[in-house]
Amino acid sequence: MKKLALVLAILMTGAVALASMLHARAYEPFRAYAAAEQIVTIPRGTATPAIGRLLVDAGVVRDVTTFRVAVWLSGDARRLQAGEYRFDRPLSALDVLAKIARGDVVLLALTFPEGLTIPEMAAVFESSGFGAASDFAAAAEDGSLVATLDPAAGNLEGYLFPDTYTFPRGTTARAVVERMVDRFDEVLTPDLRDQARGRYLSVRQLVTLASLVEKETARSDERPTVAGVYANRLRIGMPLQCDPTVIYALQQAGRYDGNIRRADLAFESPYNTYRYPGLPPGPIAAPGQGALEAAAAPAEVPYLYFVSRNDGSHVFARTLAEHNRNVRQYQIEYFREQRRRAREEGR
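Position one of the sequence shown corresponds to residue 258 (our numbering), numbered consecutively onward.
Set out below in structure tokens:
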């Protein structure tokens, strides 16, 4: 009996020691990967034991037993989330589990510059590795997402706010589009909406005007002036004659090749503001916050015309005669000089 008691005591002591060691290991920071960071991808539907093996194989957790102990101590077995996780320093098994239970996944940046159309945004979505451009384009066709803002919206052109977003890998196009619409709703503040109403502009008209401003100038100091020119033209019934609307019309018809020609100014489309006075039927691109603010509160200016200086800025004019002089200086003579220099350099 004494021998049996001794054996049991030894076994019990060993078991306690083993349990104590495993308990300590669950709290002990560990790292066995040599690279600066280790990425572990947990597919959706992966069982808890399989997650443990992934972490052990990646050198993030010491061994399967340590993982099991940590799962038991944490109670996180049912809260572990699929996704892509980055590890870049020693962590205890408990900390690793807490990270996965929080869903602290790797976030990837997705940047949409101002002034893009839906097809151009779709190309950004695809080139950034999030999915097919066709998926984004299809999601952006759902105008019901902005029904409270613009009941007439047939798609989301103009309502996908241009910004830098962060998403987990594998985020669907629909989720990206919904996030962009939510951001637009945040940027279109009550003050902006009140300013638009004060100018008798619906949200659709405001966004449409802002999209023209966005496409005409990238300079923040010019946007209110450009908006002021368009406001003046709208007030007196003068055609807006905005080249970007012609380009948009040609793009919609699949006829834009990167150049706009004199004949294109007569292209039949309700978006062609050379043919039809007033605003086009809807936005032609995604305006940023600055363009929205300029459209809601245009500068009080005497100008009716502007032309590019070919350096990103514009020169403004009150009269057609003054505008024609500017066109001659900054367009006709400028490009004539460019062609002359090109011929000389080619000799």
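Note that the Cβ used here is the ideal one computed from N, Cα and C, for glycine as well. No experiment lies behind these values; they were computed from the predicted model shown.
Please report the straight-line C-alpha distance between Arg476 and Glu341, rounded to a whole angstrom.
39 Å
How big is the Cα-Cα spacing for Leu275 and Ala334?
The predicted model places Leu275 with a pLDDT of 49, which falls under 50 and marks its position as unreliable; any figure quoted below should be read in that light. Using only the alpha carbons, I get a separation of about 23 Å.
Tell me which residues share the same chain as Pro538 and place their Cβ nearer than 6 Å to its Cβ, disregarding the 5 neighbours each side in the sequence.
Pro527
What number of angstroms, rounded off, separates the C-alpha of Ala404 from the C-alpha of Arg519?
38 Å
Looking at the structure shown, is Leu522 part of a helix, part of a strand, or coil, going by DSSP?
helix
Pick from Arg596, Pro347, Thr305: whose alpha carbon is nearest that of Ala293?
Pro347
Determine whether the beta carbon atoms of Val564 and Val584 lie at a separation below 9 Å.
yes
Delimiting residues of the beta strand (DSSP E) encompassing Gln295:
295-299
Name the residue from Ser459, Leu406, Gly360, Thr429 whose alpha carbon lies nearest to the alpha carbon of Ala552.
Ser459
If we require 3 or more residues per run, which beta strand (DSSP E) segments fall completely within the segment 523-587?
562-565, 571-574
Is the CB-CB distance between Leu210 and Val381 below 9 Å?
With the chain covering only 258 through 604, there is no way to say anything about residue 210.
Going by other Cβ atoms of all chains shown within 10 Å of its Cβ, with 16 needed for buried, is Phe369 buried or exposed?
buried
Assign Phe524 to buried or exposed, taking buried as 16 or more other Cβ atoms, counted over all protein chains shown, within 10 Å of its Cβ.
buried
For Leu417, name the three-state secondary structure that DSSP assigns.
coil
DSSP three-state label for Phe592, please.
helix
Is the beta carbon of Thr474 closer than 9 Å to that of Val483?
yes
Assuming contact is defined by CB atoms lying nearer than 9 Å, are Pro481 and Ala542 in contact in what I supplied?
no
When DSSP labels each residue in this structure, what does Ala366 get in the three-state scheme?
strand
In DSSP terms, what Arg343 is bridged to
Ile296
What are the boundary residues of the alpha helix (DSSP H) that includes Ala506?
500-509
Tell me the rounded alpha-carbon separation between Gly411 and Tyr560.
34 Å
Would the segment 415-432 count as touching the segment 386-403 if we require 3 or more Cβ pairs under 8 Å?
yes
Based on the DSSP secondary-structure assignment, which residues constitute the bridge partners of Phe424?
Leu365
Taking DSSP as the reference, what is the three-state secondary structure of Leu466?
helix
Three-state class that DSSP yields for Leu348 in the structure shown
strand
Determine, using beta carbons only, whether Arg282 and Ala390 come nearer to each other than 9 Å.
no
Would you decide whether Ile493 is buried or exposed? Buried here means 16 or more other CB atoms lie within 10 Å of its CB.
exposed
Using DSSP with H/G/I as helix, E/B as strand and the rest coil, what is Phe387?
coil
At the level of alpha carbons, what is the spacing between Tyr513 and Asp521?
9 Å
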